[in-house]
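As given, the protein sequences belong to chains S and X, one line each in that order. Going by the numbering used here, the first residue of the first sequence is number 420, and it counts up by one from there. Going by the numbering used here, the first residue of the second sequence is number 52, and it counts up by one from there. Cβ coordinates follow ideal geometry from the N, Cα and C atoms, glycine included. In this text the structure is predicted, and so the values were computed from the model without any measurement. Before any comments, here is the structure.
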Amino acid sequence: MTQAQTATANGDTDHAGVPALCAVRASAVIAPGSEQECAELIRDCAGRGAAIVPWGGGTCMHVGEPLRSAAFTALSLSGMADRITVQASDSLVTCAAGVRFAQLADALAEEGQELPLDPPQAAHATVGGVAASDAYGVLRSAHGSVRDVVVALRMVIGTGEVVAAGAKVVKNAAGYDTCRLVTGSRGTLAVITEVTFRTRPRARSQTHLAFRVPDADASVHAVRSLSSVQADTAYMAVVGRGATEGPFTLLVGVSGTTGHVQSVTRNVRSLVASGNPSAVEHDPALSDEEAETGRTILHGINAGAGIRVILPPDQAHHAIPKLASHGEEWVWLPRSGIVAARTRPGDPARDASFVSRLATEWPPPTSRLWLRLPDTHAGVVPVFGGYESALPLIRAIKCAFDPVGVLSPGRLAGAL
Amino acid sequence: MHQAPGRPVPAGTRPLPDAGQVVRELRLLLGDDAVLTSPADLGAYDGDAYPVVRQRPAAVVLPSTTEQVAGVVRLCSRYRTPFVPRGAGTGLSGGATPSPGSVVVSLARMNRILDIDIPNKRAVVQAGCVNQAITDAVRAHGLHYAPDPSSQTVCTIGGNIAENAGGPHTLKYGVTVNHVTGLRLVLPDGSILDLGGKGAEASGLDLVGIVVGSEGTFGIVTEATLQLTPLPGHVRALLAVFDSVEQCTACVVDIIGHGVLPCALEMIDRTILLAIEDAFRLGFPRDAGAVLTVEVDGSEAGVEEEAHTVREVCLSHSARDVKVAATPAERAALWIARKKGVGTTGRLAKAIITQDGAIPRSKLPQVLAAVSARAAHHGIRVCNIFHAGDGNLHPCVLFDQSDPDEAARVHAFNGDVLALCVEAGGTITGEHGVGLEKRDAMSTMFSQADLALMGRVRRAFDPAGICNPGKMLP
C-alpha cells in the first residue's frame, strides 16, 4: 500500500493536487496495490469509523451530496491498474478498476471489440470510476447506460469484505443484480475493484455528422425530421448555448456494416437538408469536439453549476428554454429524454441564480440530478430528485452494504 | 446440489399462523369470489411449470387493484403469513411454488394496459398483463415490446419482471431489465412505492434495476412502465442445417467473430427437430444433426450484408444448406419451430425439466459435449434447444416423474449440468431464475460473503422474511 503521488487529473483538488470534497482536503491518499490491501484499508477505517472516499480519475467526484465528515481518506485506484483481459469470442472484457477508460478502449480495438460507452475525459477516467458514476456519453441514446453493459463486479463493501456480483457471461439471472445497484452508486456502497463488461464486435464502419442549426427550435425540428432513421443511428445529440444565442449543433453517429453506414448517412443528410434548409453540415472534427462538450455537460464537468433532467423522451426538449434562458450550455439526448445544462465557472452570482431559478422545477417524481451546486446551495438543495418516498429503503440498502457508514458518508440521496 | 425431487418448500423459521383467521379477513377485504380455499382450487396453484415440487397454499387471492394487493400484504404482514406473488405460473424454476401456509397473490385480474404513450414510446401496464398483448397493442404504430420469452403468449409482465425474463431476441435487444423504466411496488409491509417512471433512468441508485429479477422476494409489482422499441425496418431470417451439434456451435462463435451481432441466434438439435416436424410438419430436414436459426435486422443495406456474412460463415463450417426465409410465412415457420419447440417435447416424455445455465459462448462445444456425456452416464434422455448466441443452454431432460429411480438420476444430472456451467465460468441460470430449483446451487457460484450481502439486501426490502420465503437464497 503506497501513498499516491497524485490522485486526480481533473477532479476536485486543492492547489497541490490533493483530493478535496466540499472544501474538505483528504487527510491521506492511499493507493492499495491489490484488492486485499483495499479490503484491509476499509476494515481499518470501519474499525475507526473513519470516512473513506474511492477516487478514480477524479472526473466526476463533484457529483453527490456534501461529504458528512470533517476528514476523509482518499482511496486511489491507481494501484490497481494492471490488468485487462479481453475475451473477444465471448463478448466480454474484465479489467482492474484503476485502468483508464481510453486504455481499455484501445485494448478492445486491438481485439476487434468495442464498448458502446463514451465517458467524458476518457484518457483520465478510470473504469471503476466510470462504473461508479454511471458516466455515459452521447452513445447513451442508442445503447443505454453503463449499467446496461456491466455484467460482473468485484468490490469491497463497507465491512471490508470482498464481494463478487453478477457473472462473466452475457446473460445471467442468478441472485440479486447488485451490479446494477453498485453501478452509479458513486462510491457510497462499495469500492469497485474489477469490472466485467459485455462488449460487441467493433463496427466495420462509422460516420460522425455535425450540422449547425440556427436556434434551439430548429434543432428540435431537425431531430423530428430524423425520426424515421433514429433507430438506425448509433447516437443523436444536440449541443447548444442559450436558447437563442447558439451555436447549436446536431450530432448524428452511424456505425455498422459499410452498406448500412453509407445508406443511413445518405438518408440522414437528405432528411436534414429537405426538412431544415438552414442546417449546415460541418466537418467531423467539429463533431468530435462538440460530442466531448456534450459529455462534459452531462456530468457537470467544467461547470460553475450543472443539472441533468431525465424526462419522457418526447417532453425533454421543453426543458431547454428553462435550462438555458441565461445563455447556459446544454446537451439534449432526444432518444433518452435526457437534458443537461451548465454554467461556466467563474461567476458565483450567476451559478447561484441558475440554481435558484431551477430549484423548484421538475419536482418529484421527475428524476433530476444536480451535477454541481455552488457553495451557497450545497447541502441546501437536494442533489438527487425523485427519491423522496424511497429514502427509508435507500437507508436500509446503504446499511446492508456499509453498516458503519464509512464509504463516502453523506453523499447518497437523503445525505445518507 | 439443487432442489431434490419431492423435497418440501421451506416454511421459514416461524410457526405457521392461524390460516383460518387470515382467510376470514381476506374474504372481508376482497369478497368471497376473490379468495379461493377449496382443495380443487388450491390444487391448481400448487406450483408453476417446474414440475418437481408441489405444495398447496393456505389460500389464493385474486385482487383487482394495487390497493387491494396492499391490503392483502398488510394483512399477511400483521399475521406474519408468508405470501407468494404469482403471474401466469409459467416459471420454470419453482419461483411461484407456494410455501406451506402461504397466501398466493395471483395478479390474473390485474391484466390491463393502462396507458399507451406512442410519442414517448412507453406503455404502462398492470402486472398481470400478458407479454404478447403489449406488442399486439402497439404493432400498428411500428413498435413492439422487445423481450420475447417463448411463453410470451401466456406469461405476464409481472412474472417477466420477477425473473428478468429473456427470449431469443435478447442477444441484441437485452432482457427485461433493459426495458423497464418504472414500477409500482407493494412492499412486504403493505406500503406502496413508485419507482422510476417514463424517464429513461433514475438519478441515483437503480432501484428499478434491483427489483427486476428479484423473483418476487422484494414485494409485489402491480404496475410497470415499459419502453417500447421500434420494429426493425428490415429483417432476414436464415436456417442453417448441420450434420452435427459440434459444427453448429463452432459456427455460432465464428458468426459473432465476423463482426455480426444478430438479433437472434438459436440452436435446435435433432431430437427436438424431429418432435417439431411431427407436431407441425414445417418441412425441416429430419436427418439434420442440428439447425441454427439466425435473424439479422436493421437497415436494408446492413441486413443484406450481414445475411451474406452469416451464410458464408455457416458454409465455412460445413453447413450442408443455408436457407433464407423468403416470405413472412417462412420466417414465421422458423419462429414457430423455435418458440413451440420445448412444448413439442411433451410428446416425448411424461415430464420435462428445462435447464438454464449460461456459459461463455466459446465454451459451447466442450460444455455441450460434457452435458451429453453426463446424460449418458446417468442413463437419461436429453435434448437441446437454446439461445446459442447468449451461451444460454436449455438442456431439456425427458423423464418419468413417477419413476423414483429415474427422478433421482435426473436430479443428479441436473446438479452435474449446473456444476459444468459454473466450472466453465458461467452461471446456473441465464433467464429462468433460481427459485427453488437452483437455490442450493447458489453456493457453488457465490461465496458466503456474496450470499450474505444478498441476504442483507433482501432484508432491506423484507425485514420480516414473509415475501416468497425459501426462494433464491440457500
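8 Å contact criterion, which residue 296 (chain X) and residue 419 (chain X) should meet: CB distance rounded
The residue given as residue 296 (chain X) occupies position 245 in the second sequence. The residue given as residue 419 (chain X) occupies position 368 in the second sequence. 6 Å between Cβ atoms; contact.
Check residue 249 (chain X) in the structure and name its three-state DSSP category.
Looking up residue 249 (chain X) in the second sequence gives position 198. In this structure, residue 249 (chain X) counts as coil in the three-state DSSP scheme.
Please determine, among X:218, X:248, X:221 and X:242, the residue with the shortest C-alpha to C-alpha distance to residue 231 (chain X).
Your numbering for residue 231 (chain X) matches position 180 in the second sequence. When only C-alpha atoms are compared, the closest one is X:248.
Excluding the 5 residues flanking residue 713 (chain S) on each side, which residues of the same chain have their C-beta closer than 6 Å to its C-beta?
One-based indexing of the first sequence puts residue 713 (chain S) at position 294. If we look at residue 713 (chain S) and ignore the five residues flanking it on each side, its Cβ neighbours are 557, 656, 658 and 750.
Length of the line joining the Cα atoms of residue 506 (chain X) and residue 263 (chain X):
Position 455 of the second sequence, counting from 1, holds the residue named residue 506 (chain X). Position 212 of the second sequence, counting from 1, holds the residue named residue 263 (chain X). Each residue's alpha carbon lies about 16 Å from the other.
Is there a C-beta anywhere in chain S that falls below 8 Å from the one on residue 483 (chain X)?
Sequence index remark: in the second sequence, residue 483 (chain X) carries index 432 (1-based). For residue 483 (chain X), the answer is yes, since a Cβ of chain S falls inside 8 Å of its Cβ.
Does any residue of chain X bring its CB to less than 8 Å from the CB of residue 842 (chain S)?
What is shown of chain S runs 420 to 835, which leaves residue 842 (chain S) out entirely.
Quick check: is the beta carbon of residue 741 (chain S) nearer than 8 Å to any beta carbon in chain X?
Counted from its first residue, the first sequence places residue 741 (chain S) at position 322. Residue 741 (chain S) does not count as touching chain X.
Hey, does residue 679 (chain S) have any beta-carbon neighbour from chain A nearer than 8 Å?
Looking at the structure shown, chain A is missing, and the protein chains on hand are S and X.
Spell out the partners DSSP gives residue 751 (chain S) in its beta bridges.
Your numbering for residue 751 (chain S) matches position 332 in the first sequence. Paired residues: S:657 and S:758.
With a Cβ-Cβ cutoff of 8 Å, do residue 353 (chain X) and residue 678 (chain S) count as a contact?
As a first step, residue 353 (chain X) is located in the second sequence; it is residue number 302 there, counting from the start. As a first step, residue 678 (chain S) is located in the first sequence; it is residue number 259 there, counting from the start. Their beta carbons are under 8 Å apart, which means residue 353 (chain X) touches residue 678 (chain S) by this criterion.
Start-to-end residues for the beta strand (DSSP E) that takes in residue 317 (chain X)
For the purposes of this step, residue 317 (chain X) is identified with residue 266 of the second sequence, where counting begins at 1. It spans 315-320 - the beta strand (DSSP E) in which residue 317 (chain X) sits, taken as one unbroken run.
Taking residue 211 (chain X) as the query, report the chain S residues whose CB atoms sit under 9 Å from its CB, ordered along the chain.
Stepping through the second sequence from its first residue, residue 211 (chain X) is reached at position 160. Neighbours of residue 211 (chain X) on chain S: none; closest Cβ ~11 Å, over 9 Å.
What is the residue span of the beta strand (DSSP E) that residue 137 (chain X) lies within?
Along the second sequence, one-based indexing puts residue 137 (chain X) at 86. Start and end: 134-137.
What is the residue span of the beta strand (DSSP E) that residue 416 (chain X) lies within?
Here residue 416 (chain X) corresponds to residue number 365 of the second sequence, with the count starting at 1. Looking at the DSSP string, residue 416 (chain X) is not in any beta strand (DSSP E); the run it does join, the alpha helix (DSSP H), is 415-429.
Measuring alpha carbon to alpha carbon, tell me which residue in X:224, X:317 and X:291 is nearest residue 281 (chain X).
Residue 281 (chain X) sits at position 230 when you count from the first residue of the second sequence. Nearest C-alpha to residue 281 (chain X): X:224.
Counting only Cβ-Cβ distances shorter than 8 Å, please list the residues of the region 780-798 of chain S near chain X, keeping chain order.
784, 785, 786, 787 and 788
Taking Cβ-Cβ distances shorter than 9 Å, what residues in chain S pair up with residue 304 (chain X)?
What you label residue 304 (chain X) is simply residue 253 of the second sequence in a count that begins at 1. Ordered by position in chain S, the residues that pass the 9 Å Cβ test against residue 304 (chain X) are 508 and 509.
Extract the residue ranges of the beta strand (DSSP E) inside the region 284-369 of chain X, only unbroken runs of 3 or more that lie entirely within it.
285-293, 315-320 and 341-349
DSSP bridge partner residues for residue 494 (chain S) (one or two, in chain order):
As a first step, residue 494 (chain S) is located in the first sequence; it is residue number 75 there, counting from the start. For residue 494 (chain S), which the question treats as bridged, DSSP gives the partners S:449 and S:473.
I'd like to know if the region 282-291 of chain X and the region 374-387 of chain X are in contact, where contact means that at least 3 CB-CB pairs between them fall below 8 Å.
Output reads yes: the region 374-387 of chain X touches the region 282-291 of chain X.
Would you identify the three-state DSSP class for residue 830 (chain S), choosing helix, strand or coil?
Along the first sequence, one-based indexing puts residue 830 (chain S) at 411. Three-state DSSP puts residue 830 (chain S) in coil, outside helix and strand.
Listed in chain order, which residues of the region 172-199 of chain X have Cβ atoms closer than 8 Å to some Cβ of chain S?
For the region 172-199 of chain X, the residues whose beta carbon sits under 8 Å from a beta carbon of chain S are, in order, 172 and 173.
Check the Cβ of residue 249 (chain X) against every Cβ in chain S and list those closer than 7 Å, keeping chain order.
Here residue 249 (chain X) refers to the residue found at position 198 when the second sequence is read from its first residue. Under the 7 Å cutoff, chain S gives 731.
Using a Cβ-Cβ cut-off of less than 8 Å, give me the residues of the region 252-279 of chain X that come near chain S, in sequence order.
The residues in question are 252, 253, 254, 255, 256, 257, 258, 260, 261, 263, 264 and 265.
Mind checking residue 746 (chain S): buried by the 16 CB within 10 Å criterion, or exposed?
For this step, residue 746 (chain S) is matched to residue 327 along the first sequence. Flag for residue 746 (chain S) reads exposed.
Exposed or buried, what is residue 590 (chain S) when buried is set at 16 or more other beta-carbons lying within 10 Å of its beta-carbon?
Here residue 590 (chain S) refers to the residue found at position 171 of the first sequence. Residue 590 (chain S) comes out buried.
Roughly how many angstroms separate the alpha carbons of residue 520 (chain X) and residue 339 (chain X), rounded to a whole number?
Walking along the second sequence from the start, residue 520 (chain X) turns up at place 469. Walking along the second sequence from the start, residue 339 (chain X) turns up at place 288. Going from the Cα of residue 520 (chain X) to the Cα of residue 339 (chain X) covers about 45 Å.
Do residue 593 (chain S) and residue 547 (chain X) come within 8 Å of each other at the CB atom, strictly closer than that value?
There is no way to answer for residue 547 (chain X), as the model of chain X reaches only from 52 to 525.
Relative to the C-alpha of residue 273 (chain X), which candidate in X:208, X:405, X:334 and X:144 has its C-alpha closest?
Start at 1 with the first residue of the second sequence, and residue 273 (chain X) comes out as number 222. The residue with the shortest Cα to Cα distance from residue 273 (chain X) is X:208.
Residues near residue 816 (chain S) by beta carbon distance below 8 Å, same chain, minus five either side:
Sequence index remark: in the first sequence, residue 816 (chain S) carries index 397 (1-based). Within the same chain, residue 816 (chain S) has close Cβ partners 600 and 608.
Which residues, in order along the region 492-523 of chain X, keep a beta-carbon less than 9 Å from a beta-carbon of chain S?
492, 493, 496, 497, 498, 500, 501, 502, 503, 504, 505, 506, 507, 508, 509, 510, 511, 512, 514 and 523
Strictly under 8 Å for the Cβ-Cβ distance: is residue 54 (chain X) near chain S by that measure?
Within the second sequence, numbered from 1, the residue matching residue 54 (chain X) stands at position 3. Any reading at residue 54 (chain X) is ruled out, since the residue's pLDDT is 46, under 50, leaving its predicted position unreliable.
In chain order, what residues of the same chain have a beta carbon less than 8 Å from the beta carbon of residue 843 (chain S), not counting five sequence neighbours either side?
For chain S, the structure presents residues 420 to 835; residue 843 (chain S) sits outside this window and is missing.
Establish whether the CB of residue 361 (chain X) and some CB of chain S are separated by less than 8 Å.
The residue you call residue 361 (chain X) lines up with position 310 of the second sequence. No, residue 361 (chain X) lies away from the interface with chain S (no Cβ there is under 8 Å from its Cβ).
Validate contact between the region 211-224 of chain X and the region 476-485 of chain X using beta carbons, cut 8 Å, 3 pairs:
Under the three-pair Cβ rule at 8 Å, the region 211-224 of chain X counts as touching the region 476-485 of chain X.
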